[in-house]
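The structure appears right after this line, and notes come after that.
2 protein chains.
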Amino acid sequence: MDGKATAAAVRGEVAAEVARLVDAHGETARPGLAVVIVGERKDSQTYVRAKRRACEEVGISSFGFELPEETTQEALQDVVRELNARQDVHGILVQLPLPEHIDDEKVLDGIEIGKDVDGFHPLNIGRLCMSGRTPPLFVPCTPKGCVELMDRYGVDVEGKNVVVIGRSNIVGLPLAMLLLHRNATVTICHSRTRDTSAKVKEADIVVAACGIPKFVDKSWLKKDAVVVDVGINAVDDPSKKRGYRLVGDVDYEGAAEVASFITPVPGGVGPMTIAMLLTNTVEACKRHLPAK
Amino acid sequence: MDGKATAAAVRGEVAAEVARLVDAHGETARPGLAVVIVGERKDSQTYVRAKRRACEEVGISSFGFELPEETTQEALQDVVRELNARQDVHGILVQLPLPEHIDDEKVLDGIEIGKDVDGFHPLNIGRLCMSGRTPPLFVPCTPKGCVELMDRYGVDVEGKNVVVIGRSNIVGLPLAMLLLHRNATVTICHSRTRDTSAKVKEADIVVAACGIPKFVDKSWLKKDAVVVDVGINAVDDPSKKRGYRLVGDVDYEGAAEVASFITPVPGGVGPMTIAMLLTNTVEACKRHLPAK
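Same order as they appear, the protein sequences are chains A and B.
Just so we're aligned, residue 1 is where the first sequence starts under my numbering, counting upward by one.
Just so we're aligned, residue 1 is where the second sequence starts under my numbering, counting upward by one.
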């Protein structure tokens with residue numbers, strides 16, 4: 001499954017929608033995303049750059065806030081409070097991880113829930129997990145991107161055996177819930193699971209989100225399984241100019257021989273995550289507009 | 001696993017704790033539970049009576065509100081608002097199901113989160129589902145009772161294969177999450193699962209919470225599996241004076257031959273649910289007291 005091409009299609013749709021909004025309601029209807037980064041982690045900077053660039057390409061205003069590593073808890077929360085109040089900011093993204101001395105839960109919980117485009121607020125997660133109730137205001141971007149990618153490739157999850165490897169608050173857990181609500185039979189594996197390979201062998205759909213390079217081996221996969229690889233791991237590679245290359249949580253080359261569909265790394269889930277951030281930001285903005 | 005005896009032990013501990021609180025802080029520290037019932041469903045009346053009686057036995061004040069079937073949404077929400085404001089009410093329980101014309105989500109979400117002893121508020125569920133964050137103020141009573149019962153019988157869930165049958169907001173889903181956080185490998189089955197028996201055959205621990213009488217058959221169980229039966233189903237039985245008897249979601253007689261531990265119905269999870277309501281009410285009360 002080509003996440004790069006699919007994300008490009010989504011971005012095209014988002015760009016058209018942004019143009020329509022501005023056309024119908026004027027410049028105040030232009031969606032705006034604030035991206036806050038604390039410190040100088042190279043990977044975080046790369047992600048933030050990619051997110052801001054994606055915004056600009058589709059006509060979403062992007063507001064960057066680069067705070068020094070030594071920013072205090074209070075100062076960071078003040079920034080969030082200011083962004084909560086700004087009318088031109090519809091979504092607020094605080095790039096994780098935050099420095100050790102900062103309580104990230106307090107920061108994230110301080111984001112106005114209507115601007116929580118990452119969908120990490122516990123009230124959003126609660127609504128995501130529950131059935132038959134008010135849906136969450138936002139679905140977290142990576143799980144949403146995985147589902148969108150499968151949808152666009154016609155992968156039906158209803159009644160399927162799905163194994164999700166990883167139980168993080170931002171990927172494994174919410175993705176398991178999304179697939180459960182789509183009537184998959186979901187098994188959640190993690191670092192304490194005794195025999196993950198045995199679980200994977202029964203899976204029609206495998207989602208790897210454990211952060212271990214090439215954890216899932218070809219030999220674990222059922223013929224024609226669908227494989228979604230959420231991992232983005234940097235492994236040393238002296239042949240590369242930057243000294244490393246990115247690999248997923250799945251051994252792509254081997255797995256591709258067995259799987260019916262598989263996402264590459266890079267170019268799979270990553271671009272979809274960013275595309276969903278854009279759709280969430282547009283949704284946030286539209287909630288403030290009269291229907292038109 | 002004898003839920004009746006275990007619940008009695010819990011109630012004894014709660015009674016001692018209530019006595020200690022009143023002794024240390026005076027009569028204002030006596031925990032109070034408000035139980036609201038709308039309409040005249042026989043089963044709901046039975047549950048409410050049992051809950052109120054359990055309160056009284058341990059020294060928790062119980063306040064009953066029996067509203068007629070035709071109570072309006074607004075009137076019911078007014079009752080909840082009044083109870084939110086009362087200092088002698090530490091927990092509020094609105095018995096489900098509510099009549100068709102009432103939006104139960106609105107009612108439940110109106111309960112002050114610090115008094116939501118059923119733990120059904122989406123913010124509570126969100127906190128329950130997330131890892132490494134602020135824990136929920138209350139864990140829903142039935143899942144909490146299942147875990148407490150297993151704990152007291154020394155059933156270790158770490159690394160075990162657990163199959164939860166049912167994905168309801170009030171039992172299956174939160175129980176799956178509790179067991180996941182205890183490092184079980186959790187599979188959630190439901191009405192759209194293609195082959196529940198195959199999943200159950202691999203399970204070290206099976207939780208049946210699907211509401212189908214005797215759904216789980218002996219032949220599905222691995223030798224020495226642990227079986228927790230959450231079902232309470234009334235089936236016709238002309239030999240009984242009241243015309244029915246209660247059976248679980250598991251065929252108890254058969255399953256008991258294979259399982260290492262199993263909960264009966266009645267006398268298993270049911271009494272534990274009520275016992276956990278008492279512990280949640282005491283917790284709610286204690287949060288208002290200075291440590292002593």
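Even for Gly, the Cβ is constructed at its ideal location relative to N, Cα and C.
Keep in mind the model is a prediction, meaning the values are calculated, not measured.
- DSSP, reduced to helix, strand and coil, places V14 (chain A) within a helical segment of the structure shown.
- The beta carbon of Q95 (chain B) sits closer than 6 Å to those of I37, S44 and V48, all from its chain and outside the five residues before and after it, given in chain order.
- Note on P271 (chain B): 16 or more other CB atoms within 10 angstroms of its CB, so buried under the neighbour-count rule.
- About 18 Å separates the Cβ atoms of D109 (chain A) and H101 (chain A), ruling out a contact at the 8 Å cut-off.
- Residue environment for T185 (chain A): buried (at least 16 other C-beta atoms within 10 angstroms of its C-beta).
- Using a Cβ distance threshold of 9 Å, V139 (chain B) and N280 (chain B) count as a contacting pair.
- T193 (chain B) reaches chain A at G159 and T185, counting residues in chain order whose Cβ is nearer than 8 Å.
- Leaving aside the five residues that flank A50 (chain A) on each side, the residues in its chain whose CB is nearer than 7 Å to its CB run, in chain order, I274.
- Beyond the five residues adjoining it in sequence on each side, H190 (chain B) comes within less than 6 Å, by CB distance, of R167 in the same chain, given in chain order.
- Beta-bridge partners assigned by DSSP to V282 (chain A): none are found.
- Ranked by Cα distance from L173 (chain B), the options B:C129, B:V269 and B:H288 are led by B:C129.
- As a beta-bridge residue in DSSP terms, E66 (chain A) pairs with A:I37.
- Here L221 (chain B) carries a coil assignment [DSSP, helix/strand/coil].
- Linking L123 (chain B) to V247 (chain B) through their CA atoms gives a straight-line distance of about 33 Å.
- Ranked by Cα distance from R41 (chain B), the first of B:E66, B:R30 and B:V207 is B:E66.
- Cβ-Cβ separation between D204 (chain B) and G254 (chain B): approximately 19 Å, too far for a contact (criterion under 8 Å).
- Spatial neighbours of E56 (chain A) in its own chain (CB-CB distance under 8 Å, excluding positions within 5 residues in sequence) are listed in chain order as S62.
- Here V22 (chain B) has A29, R30 and G59 as same chain residues with Cβ atoms under 8 Å from its own Cβ, once five neighbours each way along the sequence are excluded.
- The CB of S260 (chain B) never comes closer than 9 Å to any CB in chain A; the least such distance is about 18 Å.
- For A54 (chain A), the enclosing alpha helix (DSSP H) stretches over residues K42 to V58.
- Of the residues assessed, K160 (chain A) falls on the buried side of the cut-off, its CB having 16 or more other CB atoms within 10 angstroms.
- At a beta-carbon threshold of 7 Å, the residues of chain B lying near T134 (chain A) are E105, ordered along the chain.
- One Cα belongs to K222 (chain A), the other to H181 (chain A), and the distance between them is close to 24 Å.
- Listed by position along chain B, the residues whose Cβ is nearer than 8 Å to that of M130 (chain A) are P122, I125, N169 and L173.
- C-alpha of C285 (chain B) to C-alpha of K199 (chain B): approximately 42 Å in a straight line.
- Minimum Cα-Cα distance from G64 (chain B) among the listed residues B:T72, B:R192, B:A85 and B:G91 corresponds to B:G91.
- Annotated as proximal: D88 (chain A) and G32 (chain A), with beta-carbon spacing under 9 Å.
- For A208 (chain A), DSSP records a beta bridge to A:I165 and A:D229.
- CA-CA distance, E105 (chain A) to S131 (chain B), rounds to 11 Å.
- If only uninterrupted beta strand (DSSP E) runs of at least 3 residues are considered, those enclosed by the stretch 64 to 113 of chain B are 91 to 94.
- Interface residue (Cβ-Cβ distance to chain A less than 9 Å): M177 (chain B) is classified as such.
- Separation of the CB atoms of V80 (chain B) and I111 (chain B) is rounded to 6 Å, and the pair is thereby assigned contact status at 8 Å.
- Across the structure, E17 (chain A) and I262 (chain A) are spaced so that their CA atoms are roughly 30 Å apart.
- Your pair G243 (chain A) and G211 (chain A) does not check out as a contact, with CB atoms roughly 20 Å apart and the cut at 8 Å.
- R242 (chain A): not part of any beta strand (DSSP E); DSSP gives it neither H nor E.
- Against chain B, the beta carbon of K199 (chain A) has neighbours under 8 Å at T185, listed in chain order.
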